[in-house]
Amino acid sequence: MAMLPLTVDDLARLAGRGGGFEIDAARVPHADIVRIVSHVVSNARIVITNAQQIPIDGLVSIAAHGKGTVVFEASSVDTAQRRP
Numbered sequence: 004m005a006m007l008p009l010t011v012d013d014l015a016r017l018a019g020r021g022g023g024f025e026i027d028a029a030r031v032p033h034a035d036i037v038r039i040v041s042h043v044v045s046n047a048r049i050v051i052t053n054a055q056q057i058p059i060d061g062l063v064s065i066a067a068h069g070k071g072t073v074v075f076e077a078s079s080v081d082t083a084q085r086r087p
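Residue numbers for the sequence shown follow the working numbering, so the first one is 4 and each next one is one higher.
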């Protein structure tokens, strides 16, 4: 899926108006993800893909700032590679 050519500020504004979208954790730094989701309103849904690479403290931080609107997903490629 192609990313929209939007800045962090653009995404924060969009989230603040109820827009939902995916953020690829492999491409967007943790601090920027926190900045974006801290503007989210309750009717938005933000999906963080490739979340398997974020340490648990980072996931907790994002979730706290996202106020219950954030969903974490692992990439299917990495998940398959971790299977025994």
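Cβ atoms here follow ideal geometry from the backbone N, Cα and C, with glycine treated the same way.
Only a predicted model underlies this, so the values are computations on that prediction, with no experimental measurement involved.
{"Item": "Assumed close pair Ile-49, Ala-15 - CB separation to whole angstroms, cut-off 8 Å", "Value": "Incorrect: roughly 11 Å between the Cβ atoms, too far for contact."}
{"Item": "Reference Glu-76; option with closest CA among Val-43, Pro-32, Ala-34, Asn-53", "Value": "Asn-53"}
{"Item": "Endpoints, beta strand (DSSP E) assigned at Ile-51", "Value": "49 to 52"}
{"Item": "C-alpha gap between Gly-10 and Val-31, whole angstroms", "Value": "Sequence inspection shows Thr at residue 10; the Gly mentioned does not correspond to that position. Taking the straight line from one Cα to the other gives about 11 Å."}
{"Item": "Exposure of Ile-65, with buried meaning 16 or more beta-carbon neighbours within 10 Å", "Value": "buried"}
{"Item": "Residues bridged to Asp-27 (per DSSP)", "Value": "Thr-52"}
{"Item": "Candidates Arg-20, Val-43, His-33, Asn-46, of which the one nearest Arg-59 by Cα", "Value": "Correcting the residue type first, residue 59 is Ile in the shown sequence and not Arg. Ranking Arg-20, Val-43, His-33, Asn-46 by Cα distance to Ile-59 puts His-33 first."}
{"Item": "Terminal residues of the alpha helix (DSSP H) in which Val-73 lies", "Value": "Val-73 -> not in any alpha helix (DSSP H); beta strand (DSSP E) instead, spanning 73 to 75."}
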